[in-house]
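Peer 1:
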Amino acid sequence: MLESARLSYTVIRRPYLGGVHADPLRHLGTSRGAPFRVSSGRRGRAEQHCRVDLRPGVYAVVFTLQGFNTYRREGITLTANATATVNGEMKVGSIEESITVTGEAPLVDVQNAGRSQVVNRELLDTVPTGGQVWQVGFTLPGVVQVGRSDVGGAGGIQQTRMSTHGSTISDTTTNLDGMETNSMHGWAQSSQYWNDAAIQEMAFQTSNVGAESQTGGILLNLIPQQGGNQFRGDIDARSIPNDSFQGNNMTPNLKSLGVNTPNKVLRLHDYSFSLGGPVRRDLLWFFASVRYQQGDTQAQDVTYPEDNKAKTFSGRMTWQPQTKNKFTFFFEDTKKTKGHETSGPFIAEEAANMRPGQHQYHVAQAKWTSTVSPRFLVDAGWSLSDITWNVDYRPGIAQERGTPLWYSMASHQDRTTGALWVAGAPGTLTLGVRQVLASSATYVTGSHSLKTGLQWSYGARRNERYANADLTQRYLNGVPDSVLLYNTPNNATNPLKADLGLYIQDSWTLKHVTISPGLRYDYFNTTSPAQSSEAGRFVAARQFAAVPIPTFHDLSPRLGVAYDIFGNGKTALHGGINKYVERMAPDFSIRYNPISPDMDTRTWNDANRDGVAQENEFGPSQNLRFGIGSSTRPDANLKRPYNIEYNVGVDHQLTASISGGFSYYRRSFPTGLFDRSQPFLPDNILVSPADYTPVAIRNPLDGSPLTLYNLNPAKLGLVDIVDRNPKGYTQWYNGLEAVFQVRMPGNGKIYGGLTRDRTVLHNCSVDDPNLNTYCDQTKLTIPFRNMFKATGFYPLPLYGIELSGSFMSFPGAEQKVDYIVNRALLTQLTGGTALLTQASVTLPLVAPGTKFLEQQNELDFAIGKSFRRGNGQSLRLRLDIFNATNNAWVETQNTTYGPLLDRPTAIMQARLFRLTAQFHF
Numbered sequence: 000m001l002e003s004a005r006l007s008y009t010v011i012r013r014p015y016l017g018g019v020h021a022d023p024l025r026h027l028g029t030s031r032g033a034p035f036r037v038s039s040g041r042r043g044r045a046e047q048h049c050r051v052d053l054r055p056g057v058y059a060v061v062f063t064l065q066g067f068n069t070y071r072r073e074g075i076t077l078t079a080n081a082t083a084t085v086n087g088e089m090k091v092g093s094i095e096e097s098i099t100v101t102g103e104a105p106l107v108d109v110q111n112a113g114r115s116q117v118v119n120r121e122l123l124d125t126v127p128t129g130g131q132v133w134q135v136g137f138t139l140p141g142v143v144q145v146g147r148s149d150v151g152g153a154g155g156i157q158q159t160r161m162s163t164h165g166s167t168i169s170d171t172t173t174n175l176d177g178m179e180t181n182s183m184h185g186w187a188q189s190s191q192y193w194n195d196a197a198i199q200e201m202a203f204q205t206s207n208v209g210a211e212s213q214t215g216g217i218l219l220n221l222i223p224q225q226g227g228n229q230f231r232g233d234i235d236a237r238s239i240p241n242d243s244f245q246g247n248n249m250t251p252n253l254k255s256l257g258v259n260t261p262n263k264v265l266r267l268h269d270y271s272f273s274l275g276g277p278v279r280r281d282l283l284w285f286f287a288s289v290r291y292q293q294g295d296t297q298a299q300d301v302t303y304p305e306d307n308k309a310k311t312f313s314g315r316m317t318w319q320p321q322t323k324n325k326f327t328f329f330f331e332d333t334k335k336t337k338g339h340e341t342s343g344p345f346i347a348e349e350a351a352n353m354r355p356g357q358h359q360y361h362v363a364q365a366k367w368t369s370t371v372s373p374r375f376l377v378d379a380g381w382s383l384s385d386i387t388w389n390v391d392y393r394p395g396i397a398q399e400r401g402t403p404l405w406y407s408m409a410s411h412q413d414r415t416t417g418a419l420w421v422a423g424a425p426g427t428l429t430l431g432v433r434q435v436l437a438s439s440a441t442y443v444t445g446s447h448s449l450k451t452g453l454q455w456s457y458g459a460r461r462n463e464r465y466a467n468a469d470l471t472q473r474y475l476n477g478v479p480d481s482v483l484l485y486n487t488p489n490n491a492t493n494p495l496k497a498d499l500g501l502y503i504q505d506s507w508t509l510k511h512v513t514i515s516p517g518l519r520y521d522y523f524n525t526t527s528p529a530q531s532s533e534a535g536r537f538v539a540a541r542q543f544a545a546v547p548i549p550t551f552h553d554l555s556p557r558l559g560v561a562y563d564i565f566g567n568g569k570t571a572l573h574g575g576i577n578k579y580v581e582r583m584a585p586d587f588s589i590r591y592n593p594i595s596p597d598m599d600t601r602t603w604n605d606a607n608r609d610g611v612a613q614e615n616e617f618g619p620s621q622n623l624r625f626g627i628g629s630s631t632r633p634d635a636n637l638k639r640p641y642n643i644e645y646n647v648g649v650d651h652q653l654t655a656s657i658s659g660g661f662s663y664y665r666r667s668f669p670t671g672l673f674d675r676s677q678p679f680l681p682d683n684i685l686v687s688p689a690d691y692t693p694v695a696i697r698n699p700l701d702g703s704p705l706t707l708y709n710l711n712p713a714k715l716g717l718v719d720i721v722d723r724n725p726k727g728y729t730q731w732y733n734g735l736e737a738v739f740q741v742r743m744p745g746n747g748k749i750y751g752g753l754t755r756d757r758t759v760l761h762n763c764s765v766d767d768p769n770l771n772t773y774c775d776q777t778k779l780t781i782p783f784r785n786m787f788k789a790t791g792f793y794p795l796p797l798y799g800i801e802l803s804g805s806f807m808s809f810p811g812a813e814q815k816v817d818y819i820v821n822r823a824l825l826t827q828l829t830g831g832t833a834l835l836t837q838a839s840v841t842l843p844l845v846a847p848g849t850k851f852l853e854q855q856n857e858l859d860f861a862i863g864k865s866f867r868r869g870n871g872q873s874l875r876l877r878l879d880i881f882n883a884t885n886n887a888w889v890e891t892q893n894t895t896y897g898p899l900l901d902r903p904t905a906i907m908q909a910r911l912f913r914l915t916a917q918f919h920f
């Protein structure tokens with residue numbers, strides 16, 4: 000659970016006094032801060048020592064020992080998740096004889112096998128981003144942007160996910176001061192909107208995550224700010240006042256593709272105030288911060304705003320009654336509202352759902368740390384993630400159940416164009432509470448560190464859903480096609496009894512080699528208790544007994560190795576082999592809860608042409624278990640999905656201020672592809688490939704042969720899906736990554752890297768051959784794609800002028816082309832010789848690895864000036880320019896075959912100018 004800085008140091012005394020052994024370190028750091036421990040070991044004339052649990056910051060180290068001169072090392076920068084090594088040579092002399100050396104944190108970490116990147120407060124304040132943790136992560140090598148871009152925070156205060164080296168977005172773990180804070184939502188994703196002003200630094204680890212973490216994706220540790228013995232504060236204001244601060248990236252090509260008006264920023268505001276100081280000097284300190292965000296944007300080709308607001312309060316108390324014991328308490332509350340929610344240019348305003356005021360995010364934490372002895376440290380803590388979010392119809396859209404308006408105001412959706420009108424998607428309310436109890440104990444000698452601990456998560460999630468008419472009316476190019484029937488109203492609860500982890504993590508330095516083996520045991524238990532729900536239009540009142548849910552027991556070995564090749568701390572060979580289970584949550588039991596959201600697809604032709612779907616116009620059911628129980632159940636031998644990460648690399652300090660590294664990464668998923676919506680292989684045991692008849696049609700793109708498989712009418716609606724672990728189906732990730740780091744005068748810094756990688760899937764259906772076109776990508780040529788990052792900050796040596804910026808180049812998203820064939824179209828294509836049994840079939844028209852959007856290049860740049868006073872006050876004024884090259888990259892486009900195929904549905908925000916002012920006192 001402890002996630003702090005670590006200092007390793009070796010002292011050589013000349014001449015060597017064989018019988019004398021002592022720790023000569025007499026002073027460390029500049030404040031009372033946290034308790035720490037020191038351990039030591041001796042090998043010949045060199046003595047090795049180690050101190051852990053140090054707050055990140057800049058330290059001075061002083062070695063004093065009777066009979067030897069004093070050795071002082073200054074400017075040692077300690078960051079989270081890293082070990083700084085300091086070597087000192089003490090010669091015979093008096094203590095008054097002092098040698099002072101100014102140093103910096105090493106460019107190469109020769110003891111940790113993992114790849115880490117720390118973004119400190121100075122970089123958070125100077126590099127232009129939107130102020131969210133994921134936007135900071137996108138500037139780092141190896142971190143992948145999953146979803147739409149968020150230029151300058153123009154994503155509307157809406158989360159964009161991140162992953163690394165073939166992991167899933169659910170594998171990303173967010174820790175606060177070493178304790179996990181992931182939520183109950185989306186397979187336990189991190190869902191908090193963190194207050195950037197309350198964070199001192201962010202540490203991102205992207206490989207060789209140790210046994211303390213359950214998963215092997217990005218491990219993000221947020222180090223919160225804390226008060227000290229002096230009152231300190233910050234005022235931060237970042238603003239794009241109106242749309243005149245944005246350029247225009249409309250191009251003739253976009254117009255030719257059907258774009259009329261591009262995405263637009265109407266206004267963006269981000270204001271924060273922070274204050275920290277003593278409640279009682281040398282005993283109790285506080286830190287508090289408030290933040291207000293407003294983001295009003297306008298989606299492409301719509302006339303209404305996507306208006307968002309978020310208000311956050313963060314507070315932290317630090318109490319240190321004795322040198323050996325420290326207690327910290329943290330709380331953060333965010334209230335978010337969203338006036339309109341839209342995902343494309345054809346969403347009518349009445350169908351743009353809203354997120355009203357009950358959208359709340361709470362995080363709380365209490366933690367105790369104690370130095371029991373110079374070699375033994377224990378800590379324990381509790382954390383809470385309490386998130387409520389809802390998506391509602393717009394005012395006046397929700398109607399009283401059973402009234403004529405309730406029937407007529409169903410949501411209308413065109414499957415070809417993506418248009419949505421009359422009403423939005425079904426309204427939802429989701430409540431998730433997750434609590435974590437964690438403790439650990441660490442024993443450290445000079446060259447050896449052994450840590451063991453436990454983490455127990457528990458809580459519950461509740462889901463409610465409602466819909467006008469309990470259905471959605473669907474069209475193809477404006478022609479009535481089908482209806483989606485819902486089992487609304489839903490009110491389902493799924494507790495998490497235990498997500499328990501026990502681990503042991505070792506780290507042993509033997510001469511130039513540091514070996515870090517670990518072992519983790521995970522136990523997972525979620526339930527679907529007895530529950531009921533009222534009747535709906537298509538379902539009777541329901542009362543269901545508890546559903547048995549499998550529990551999982553897993554062992555995950557971890558191994559990391561780092562080798563200081565030449566023993567001078569400048570070249571390190573590192574690698575590891577690690578097994579990680581996939582993160583789970585109540586989403587697992589929700590799959591089998593009979594009251595969870597379910598659907599049935601029926602054909603519909605609106606026979607009386609009144610625009611209202613009525614039961615006598617529906618075709619036969621595609622799911623005969625709809626409304627009477629879950630259509631999915633777990634296999635008796637179901638195992639928890641896991642993946643294995645392999646990596647090897649080398650880092651080298653090229654000069655006193657430049658380092659570089661090169662690594663190879665591989666990740667495999669032996670139990671199959673883990674997907675948020677489909678983590679297992681669904682096997683409908685009532686249907687097999689033999690129940691389908693091939694029908695030959697033509698690919699409308701190039702006229703090549705295309706096969707559609709028609710289901711035997713006797714099998715229509717028969718559903719009994721068993722979730723299994725697929726055998727022989729998996730996915731592989733392979734990636735090469737080169738990174739660099741440059742230190743510049745005046746505390747300037749540039750870092751970045753190039754990642755070249757690809758993922759290959761083998762994920763075929765066992766019962767529906769329509770899903771198996773291109774399912775085995777090992778038979779296809781999947782190309783390697785490139786991602787490049789460079790980020791930097793440099794204070795010019797004149798007039799207090801500061802330059803900063805980042806360049807990010809992401810590969811464009813892979814594009815598919817879906818061909819929706821319904822009954823009317825198949826009759827037309829075959830001249831009436833084939834009658835489709837299913838309501839419709841969706842076929843892929845292009846092979847994976849053949850169609851991509853263009854490379855996304857984004858240059859963000861800032862120029863500022865700092866004014867400093869001797870009393871610790873400073874003022875920084877800055878102009879931030881986002882998408883400085885005014886790129887018009889297409890983010891998303893229509894992927895359904897039809898008249899709007901390839902029409903952009905969102906493009907990158909045009910060049911943005913933001914005014915920033917930061918006052919520190």
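In numbering that gives the first Met the number 0, the protein residues as written are 0 to 920.
Ideal Cβ positions, reconstructed from N, Cα and C, are used throughout, including at glycine.
Is it true that the region 521–538 meets the region 477–487, where meeting means three or more beta-carbon pairs spaced less than 8 Å apart?
Peer 2: Yes, the region 521–538 is in contact with the region 477–487.
Peer 1: Given a cut-off of 9 Å on the beta-carbon distance, is the pair phenylalanine 679 and aspartate 719 in contact?
Peer 2: No, these two residues do not count as a Cβ contact at 9 Å.
Peer 1: Can you give, in chain order, each stretch of the alpha helix (DSSP H) that sits fully within the region 109–166 and has at least 4 residues?
Peer 2: Runs found: 120–125, 132–136.
Peer 1: Counting only runs of 3+ residues fully inside the region 738–795, write out the beta strand (DSSP E) ranges in chain order.
Peer 2: Counting only runs of 3 or more, we get 747–761, 784–794.
Peer 1: Evaluate contact between the region 364–379 and the region 434–447, counting only Cβ atoms and requiring at least three cross-stretch pairs below 8 Å.
Peer 2: Touching, per the Cβ criterion.
Peer 1: From proline 320 to threonine 327, what does the alpha carbon distance come to, in whole angstroms?
Peer 2: Between proline 320 and threonine 327, the C-alpha separation is close to 11 Å.
Peer 1: Where does glutamine 827 sit, in a helix, a strand or coil, going by DSSP?
Peer 2: Helix at glutamine 827.
Peer 1: Could you tell me the distance, in whole angstroms, from the CA atom of tyrosine 645 to the CA atom of glutamate 614?
Peer 2: Approximately 55 Å between the Cα atoms of the pair.
Peer 1: By alpha-carbon positions, which one of Ala196, Gln188, Gly136, Phe230 ends up nearest to glycine 871?
Peer 2: Measuring from the Cα of glycine 871, the nearest candidate turns out to be Phe230.
Peer 1: So is glycine 610 buried or exposed if we call it buried at 16+ other beta carbons inside 10 Å?
Peer 2: Exposed, because fewer than 16 other Cβ atoms sit within 10 Å of the Cβ of glycine 610.
Peer 1: Determine the DSSP secondary structure at lysine 323, reduced to helix, strand or coil.
Peer 2: In this structure, lysine 323 counts as coil in the three-state DSSP scheme.
Peer 1: Are leucine 700 and leucine 852 touching if we call contact CB-CB under 9 Å?
Peer 2: Cβ distance not < 9 Å, so leucine 700 and leucine 852 don't count as in contact.
Peer 1: From what residue to what residue does the alpha helix (DSSP H) around lysine 638 run?
Peer 2: Segment: none, lysine 638 is in no alpha helix (DSSP H) and carries neither H nor E.
Peer 1: List the DSSP bridge partners of arginine 481.
Peer 2: Before going on, a small fix: residue 481 reads as serine here, not arginine. Beta-bridge pairing links serine 481 to Arg473, Thr602.
Peer 1: Is there contact between the region 408–423 and the region 471–478, where contact requires at least three CB pairs shorter than 8 Å?
Peer 2: Short answer: they touch.
Peer 1: Looking at C-alpha atoms only, which residue of Gln224, Leu404, Asp505, Ala466 is the closest neighbour of methionine 316?
Peer 2: Comparing Cα-Cα distances from methionine 316 to each of Gln224, Leu404, Asp505, Ala466, the minimum goes to Gln224.
Peer 1: Mind checking whether aspartate 269 and glutamine 292 have CB atoms under 9 Å apart?
Peer 2: Yes, the Cβ-Cβ distance between aspartate 269 and glutamine 292 is below 9 Å.
Peer 1: If you draw a straight line from the alpha carbon of aspartate 505 to that of asparagine 592, how long is it in whole angstroms?
Peer 2: Each residue's alpha carbon lies about 41 Å from the other.
Peer 1: Can you name the start and end residues of the beta strand (DSSP E) that tyrosine 522 belongs to?
Peer 2: Looking at the DSSP string, the run of the beta strand (DSSP E) that includes tyrosine 522 is 512–525.
Peer 1: Alpha carbons only, please: which of Ala635, Gly659, Thr894 is nearest the one belonging to leucine 753?
Peer 2: Of the listed residues, the one whose Cα sits closest to leucine 753 is Gly659.
Peer 1: Using 10 angstroms around the beta-carbon of threonine 302, count the other beta-carbons present and answer buried if the total reaches 16, otherwise exposed.
Peer 2: Exposed, since its Cβ has fewer than 16 Cβ neighbours within 10 Å.
Peer 1: So, with DSSP's three-state summary, where would you put leucine 430?
Peer 2: Three-state DSSP puts leucine 430 in a strand.
Peer 1: For threonine 173, list the residues DSSP reports as bridge partners.
Peer 2: In the DSSP output, where bridge partners are listed per residue, threonine 173 has Leu219.
Peer 1: If you reduce the DSSP assignment to three classes, tell me which class aspartate 901 lands in.
Peer 2: Reduced to three states, the DSSP call for aspartate 901 is coil.
Peer 1: With isoleucine 234 and phenylalanine 285 assumed to form a contact (beta carbons below 8 Å), what rounded beta-carbon distance in angstroms separates them?
Peer 2: Actually they are not in contact, since the Cβ atoms of isoleucine 234 and phenylalanine 285 sit about 18 Å apart, beyond 8 Å.
Peer 1: Would you call serine 372 buried or exposed, if buried means 16 or more other Cβ atoms sit within 10 Å of its Cβ?
Peer 2: Answer is exposed; the Cβ neighbour count stays below 16.
Peer 1: Span of the beta strand (DSSP E) holding lysine 864?
Peer 2: Its beta strand (DSSP E) spans residues 855–867.
Peer 1: Taking the C-alpha atoms as reference points, what is the distance between aspartate 634 and asparagine 642?
Peer 2: Cα to Cα, the separation comes out at about 20 Å.
Peer 1: Label glycine 791 either buried or exposed according to how many other C-beta atoms from any shown protein chain fall within 10 Å of its C-beta, with 16 as the threshold for buried.
Peer 2: Glycine 791 should be labelled buried.
Peer 1: Mind reading off the beta-carbon distance from glutamine 204 to leucine 218? Whole number of angstroms is fine, and I expect it under 8 Å.
Peer 2: 4 Å between Cβ atoms; contact.
Peer 1: Can you check which of these residues, Phe809, Leu470, Val820, is closest to arginine 784 by C-alpha distance?
Peer 2: It is Phe809 whose Cα lies nearest to the Cα of arginine 784.
Peer 1: In whole angstroms, what separates the C-alpha of proline 516 from that of glycine 745?
Peer 2: Straight-line Cα distance between these residues: approximately 39 Å.
Peer 1: Starting from serine 255, follow the alpha helix (DSSP H) in both directions and report where the run begins and ends.
Peer 2: It spans 251–255 - the alpha helix (DSSP H) in which serine 255 sits, taken as one unbroken run.
Peer 1: Run the CB neighbour count on phenylalanine 625, radius 10 Å, all protein chains shown included, and call it buried at 16 or more, exposed below.
Peer 2: With 16 or more other Cβ atoms within 10 Å, it is buried.
Peer 1: Can you tell me which residues form a DSSP beta bridge with glycine 734?
Peer 2: The partner list for glycine 734 (beta bridge, DSSP) reads Tyr664, Asp756.
Peer 1: Run through DSSP, which three-state label would phenylalanine 920 get?
Peer 2: Note: phenylalanine 920 maps to coil in three-state DSSP.
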